[in-house]
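What follows is a short report on a single structure.
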Amino acid sequence: MRTDTGQVFKLEDYRPNDYLIPETSLTFRLSPEATRVTAVLTVERRDGMAASVPLVLDGDGLTLNRIAIDGQTLAPADFFATPDQLTITAPPAATRFQLLIETELAPARNEALMGLYRSSNVYCTQCEAEGFRRITYFLDRPDILSVYTVRIEARHNEAPLLLSNGNPAGSGELADGWHYAVWHDPFPKPSYLFALVAGTLGKVDDSFVTLSGRKVELGIYVEPGKEMLAGYAMDALKRSMKWDEEAFGREYDLDVFNIVAVSDFNMGAMENKGLNIFNDKYVLADQETATDADFANIEAIIAHEYFHNWTGNRITCRDWFQLCLKEGLTVFRDHEFSADQRSRAVKRIAEVRTLRAHQFPEDQGPLAHPVRPRRYREINNFYTATVYEKGSEVVRMIRTILGAKAFRAGMDLYFERHDGEAATIEDFIKVFEDVSGRDLSQFSLWYHQAGTPNLTISSTHNAAAQEFTLEIEQSVPPTPSESRKRLMHIPLAFGLVGTDGKAIAYSGVEGASVEDGVIHIRKRRHMVRFSGVTERPAISLNRGFSAPVTLSVEQKADDQFFLAGHDSDAFARWQAFNTLLTDALISAFRQVLGGKQPGFASRLTDLAGKIAGDETLEPAYRALALALPSEADIARDIGKNIDPDAIFSGREALAAAIAEANREIFLRLYDRLGDNGPFSPDAASAGRRALRNTLLDYLSLLPGGAALAARHFQSATNMTDRAAALTVLALRHSGSPETVKALADFEAKYAADPLVMDKWFQIQASVPGLQTVDAVRALTGHPAFSMANPNRVRSLVGTFSSANQTGFHRADGVGYRFFVETVLQVEKRNPQVAARLATALRSWRSLEPIRQAKAREALLSIANAENLSADLRDIVERTLA
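Count the sequence shown with our numbering and you get residues 133 to 1013, in order.
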């Protein structure tokens, strides 16, 4: 485990390395306890560098067996080696030489799952961000691009399958039951994209013919016996390849494309060139084991990793500060793919909910950082919602500002200009400036400045002058290391909506640039005057969520109700109703704190019924609209002195009020949506299930609700319905006979399926109340649970700490104490997973004083632990700062 050195890496300190490694040849002699790695590196001194400059290579816990240059073994005086660094003090005078390095690894002992490890009898690698240095000494940085040739040797009975990047270049038998395979990747790539897999795996075969007529062999490798669960992933891959050709003109470039699904994996998936490695939860699916959300995630993540072939692999990052260049852009691309495959409106709402749930708290707390950070201590901790999700929103804003045609031209130029390079955000912005002729320097602050901008907006209508005025003021709250903020360029999509629900025309506008329904906010304050407006409009703002901002709008409740029923923009219509729900929940929170029973306006609960029964709206949209803001959402909007128990009570009261007001409507619709036809994971079918299961959640609050949910569970023909019913039983009727039986039946049926058991753990970790911490602690001893498996840890401990507001934030601090014990226990094996768990307390300062003090005490307990890893210490110290 790498302990914290305290070193801070800064963007301004970047400089190219003195050396390049244009060619890399690797030979692996695989053995669980003693794998030998022989690296032959073609090293070139960069033009203009003096011959006396030492060559310093990165390592991490390595054992060096041998080192030679141009065939000559180096004398001890010629190099200095530690487990974490290799320095050749006097490299050859020649500008190009071959460096041989032999290291020895123990993959079976690598519980951190970084570098080369062996799990479930399969050898596997994870090299992003700095895992390659755990395999051999190297210039392990993304701007060192090398052509790789890899030879893998293994015992045939131990690893009949030998895979690496690129195209197969040879294979054969060796003495004593060993065999080998050679792989060659002709495209230069950084070390973080290296991959190796070896073991016994089943395979699903297919092929894809590219737009130029090339046939690409496709393979998805899974645990033997699970091949039938990879069909949906293969279909998603082929659709992704076709879509990227049509939407971005990107054709696949190798002869083969392989995906391997493994059960022990720190991340969701990894885009290694030609050999993607996936967490098996994002590959394996059928109706019996996967929910509709699982199918959608598989589709999106398969696409995301495939799209990296161009945005990440062919064009990579100059340094890790540019991580958003590949991740934010590729998230945007996978969002667009999913929107085209499913419902664009539903997908957009889901994206915004995710952004608000994960990125907004990051921007508003001690872990805030720009989309392109300026400094870091541990790069693993910057694979964040800000880099990924907000980074995607920045790309979307570029398209909004330039228009779809100019955006596509800019992307085409980006691929043409930077193919085969390690690029920067400045390179990316420049192509759009070049194709459009626009100055995007102010807009680029979205990459450089942390924090979520807020727009304060008020409006007036002068009927006599037929003038409608919007007063808009922007501000960005201070964030760590940035107290003074610069003015942003914010594209605010809007609509003026008349009493008939149609757009109100205007004859002119002044006070800001307005193009294609978008107000371009560039100053601190704008007075935007629309002339020729004969009636007072309802103002629809941030349509399509055109900018990742918060809004403080002076708007009458009547306008919100009107927009919730009539706005022509699907996102804005959803937002109007969601805002009404949020306002009601904040009011309920305050009533509970004041010792009162929350009350709710009948027109709010009635509107929920109207939305549920509106057949002009697709079922998936109605399901999203009816989903109450989460307890974490409400806490974020309240902002300080949070009492999670009061939020929970208010939310339960609103849910019950909606259910009671719409009992007959919900029951009729629930019955009508029952579908005994063949299962399909398509968007329309998934939407109907989503709406029916949302209605079940409401109906479960009424008399007979537990019995209804139990019948739903018993009659379910797919995992979506079965898991939804079990969730309703566990969360609404914890401890009831129906719930106890359903949990036991689920466990008995799926005890041998780890991914399905993750759902069982997750549901129980979500149960609100004081007792859940004891239940979660007990479940860590369940035979299906393992602290060594990231999926198990995330499903149980991660769910409890990040999604169970009342259980985790117990006022007596018991939830925090369990959290500290578990984080430190996980860290001994896997610092990355432990660090990610620790982010659950990033908003601790928003809690009421008693909980806040106990949360701080928990963080200090972690910070004061001995031999803390760099990953975990970085998160905890920044959270406490």
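The C-beta atom is built at its ideal place from N, Cα and C for all residues, glycine as well.
* Across which residues does DSSP place Leu979 in a beta bridge pair? -> Under DSSP, the beta-bridge partners assigned to Leu979 are Ile774.
* To do: Check the C-beta distance from Glu870 over to Ala842 and give it rounded, since I have them as a contact under 8 Å.
  => That belief holds up - the Cβ atoms of Glu870 and Ala842 are roughly 4 Å apart, short of 8 Å.
* Can you tell which of Phe560, Phe600, Ile589 and Gly583 has the C-alpha that lies nearest to the C-alpha of Thr611? -> Nearest option by C-alpha distance: Gly583.
* Asked: Does DSSP put Gly331 in a helix, a strand or coil?
  -> Three-state result, Gly331: strand.
* Cross-strand partners of Asp338 (DSSP beta bridge) -> Paired residues: Leu350.
* To do: Please classify Lys728: does DSSP put it in a helix, a strand, or coil?
  => In this structure, DSSP gives Lys728 a state outside helix and strand, which the three-state scheme calls coil.
* **Exposure of Glu792, with buried meaning 16 or more beta-carbon neighbours within 10 Å** => By the 10 Å Cβ count, Glu792 comes out exposed.
* Go ahead and label Met246 buried or exposed: buried means 16 or more other beta carbons lie within 10 angstroms of its beta carbon, across all protein chains shown. => Counting Cβ neighbours within 10 Å, Met246 comes out buried, since at least 16 surround it.
* Asked: With 16 other CB atoms within 10 Å as the buried threshold, where does Glu483 fall?
  -> A residue is called buried when at least 16 other Cβ atoms come within 10 angstroms of its Cβ; Glu483 meets this threshold and is buried.
* **Distance between Asp814 and Pro981 (C-alpha atoms, nearest Å)** => Taking C-alpha positions only, Pro981 is separated from Asp814 by approximately 48 Å.
* Arg768 burial status per 10 Å Cβ neighbour count (16 or more: buried) -> With 16 or more other Cβ atoms within 10 Å, it is buried.
* **Chain-order list of residues whose beta-carbon lies under 6 Å from that of Arg474 (same chain, five-residue window excluded)** => Sequence-distant partners of Arg474 (beyond 5 residues in either direction) whose C-beta falls short of 6 Å from its own C-beta, in its chain, are Ala815.
* Can you tell me the Cα-Cα spacing of Met620 and Ile797, whole angstroms? -> Counting only the Cα atoms, Ile797 lies some 46 Å from Met620.
* Asked: Skipping 5 residues on each side, what residues in its chain have a beta carbon closer than 6 Å to that of Phe326?
  -> Within the same chain, Phe326 has close Cβ partners Cys259 and Phe264.
* To do: Report all residues from its chain with a CB closer than 7 Å to the CB of Ile78; omit the five preceding and five following residues, and keep chain order.
  => One cannot answer for residue 78 here, as it falls past the ends of the chain, which runs 133 to 1013.
* Does the Cβ-Cβ distance between Lys142 and Arg618 come in under 8 Å? -> No, Cβ-Cβ distance for Lys142 and Arg618 is not below 8 Å.
* Where does the unbroken beta strand (DSSP E) through Asn586 begin, and where does it stop? -> Looking at the DSSP string, the run of the beta strand (DSSP E) that includes Asn586 is Asn586 to Asn594.
* **Residue of Ser978, Leu1012 and Ala967 minimising C-alpha distance to Arg1046** => This structure cannot settle anything about residue 1046, because the visible part of the chain is limited to 133 through 1013.
* Count the CB pairs spanning the stretch 315 to 325 and the stretch 272 to 280 that are closer than 8 Å, and state whether there are at least three. => A contact exists between the stretch 315 to 325 and the stretch 272 to 280.
* To do: Report the three-state DSSP secondary structure of Lys960 (helix, strand or coil).
  => DSSP, read as helix, strand or coil, puts Lys960 in helix.
* Go ahead and pull the three-state DSSP assignment for Arg265. => Look at Arg265 here: in three-state DSSP terms it is helix.
* **Neighbourhood of Glu305 by C-beta, 6 Å cutoff - its chain only, sequence neighbours within 5 removed** => Hits under 6 Å: His311.
* To do: Give me the Cα-Cα distance between Pro274 and Met399, rounded to the nearest whole angstrom.
  => Distance between the alpha carbons of Pro274 and Met399: 19 Å.
* Ranges of the alpha helix (DSSP H) found wholly within the stretch 509 to 593, counting only runs of at least 4 -> Segments of the alpha helix (DSSP H) lying fully in the stretch 509 to 593: 523 to 534, 536 to 550, 557 to 568 and 577 to 580.
* Asked: Would you say Asn825 faces chain D, with C-beta separation under 8 Å as the test?
  -> No chain D appears in this structure, which consists of one protein chain only.
* Check whether the stretch 484 to 504 touches the stretch 544 to 553, counting contact only when three or more Cβ pairs, one atom from each stretch, lie closer than 8 Å. => Note that the stretch 484 to 504 does not touch the stretch 544 to 553; fewer than 3 beta-carbon pairs, one per stretch, sit closer than 8 Å.
* Asked: Ordered along the chain, which non-local residues of its own chain (more than five positions away) have a Cβ less than 7 Å from that of Glu349?
  -> Within the same chain, Glu349 has close Cβ partners Ser339, Asp387 and Val388.
* **Coarse secondary structure for Gln687, derived from DSSP in three states** => Correct three-state label for Gln687: coil.
* Start-to-end residues for the alpha helix (DSSP H) that takes in Tyr882 -> Segment Pro869 to Tyr882, the alpha helix (DSSP H) holding Tyr882.
* To do: Would you list the one or two residues that DSSP bridges to Leu831?
  => Answer is none; Leu831 lacks a bridge partner.
* Asked: Can Asp1006 and Asn390 be called in contact, C-beta distance under 8 Å?
  -> Against a cut-off of 8 Å, the Cβ pair of Asn390 and Asp1006 comes out as no contact.
* Asked: Bridge partners of Val254, per DSSP?
  -> Ser251, per the DSSP bridge assignment.
* Asked: Using 8 Å as the threshold, is the stretch 625 to 641 in touch with the stretch 666 to 683, meaning 3 or more CB pairs across them?
  -> Contact between the stretch 625 to 641 and the stretch 666 to 683 is present, because at least three Cβ pairs lie under 8 Å.
* What is the DSSP secondary structure of Ser615, counted as helix, strand or coil? -> Coil, per DSSP.
* If Ala1015 and Val415 are in contact, beta carbons under 8 Å, what's the gap, nearest whole angstrom? -> In the structure as shown, the chain starts at 133 and stops at 1013, and residue 1015 therefore has no counterpart that could be examined.
* Which residue or residues does DSSP assign as beta-bridge partners of His652? -> Note: His652 sits in a beta bridge opposite Pro623 and Ser645.
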